[in-house]
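Residue numbering for the sequence shown follows numbering that gives the first Met the number 0, starting at 0 and increasing by one per position. The block underneath contains the structure these notes are about, expressed in structure tokens.
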Amino acid sequence: MFRCMGCNAQIPWDGTGMFSFTCSCGATIFLSEETSQVALPVAVALGISEGRTTPHLDDLVGNSDFSSIVKTQIIGELRDKGFTWMRECEQCRTDGTLEHREWRTRREKRRVEILEQALAEDWNIEQIIQAQVEADKEQWR
């Protein structure tokens, strides 16, 4: 089993085959619990090996308060290779990418809260959809 590098959530992947997954915190780097092997999506691994730093750290380690020695080391290694946080990227700050990312993060957190409430209160699918639509409307105000 793997754990998310960003928030430490368990990732349902056995380590075989091609891997393409994004955790709910936004991270795409994962750590094997058995071997401590770092796993990343093929596209990210190719980009790093070719010297492209297109993904920002936000896209690799996500947005979470979780902290660990391994996460700190990975961030340090990626920073040494030229990776930056979106908030440090002039283009992301000026073209609206950072603002959109922050909006999406707030939206996803709200959706998780709604789903947790729905599970606790045994909502049907129509109630869940309605709550998500209302939350989206509220966020746009």
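Note that CB positions come from ideal geometry on N, CA and C, so glycine has one too.
Each of H99, A134, G95 was checked against the Cα of L114, and the nearest Cα belongs to A134. Taking C-alpha positions only, V43 is separated from M4 by approximately 15 Å. Distance from the CA atom of I68 to the CA atom of P40, rounded to whole angstroms, is 22 Å. The beta-bridge partner set that DSSP reports for S31 consists of F1. In the structure shown, the three-state DSSP call for A38 is strand. Pairing C24 with G61 gives a Cβ-Cβ distance under 7 Å.
For the pair L30 and V37, the CB atoms are nearer than the 7 Å cut-off.
S63 is a Cβ neighbour of C6, given a cutoff of 7 Å. Following the DSSP letters along the chain, one finds E89 inside the alpha helix (DSSP H) bounded by residues 89-94. In this structure, L56 sits away from T27, with a CB-CB distance that is not shorter than 7 Å.
For Q9, the beta-bridge partners assigned by DSSP are R2. Residue M0 holds the alpha-carbon nearest to the alpha-carbon of W12 among C22, M0, Q116.
Inter-residue distance for C22 and W139 is about 25 Å (C-alpha atoms, whole angstroms).
Cβ neighbours of G50 within its own chain (closer than 6 Å, five residues either side excluded): none. CA-CA distance, I128 to R103, rounds to 17 Å.
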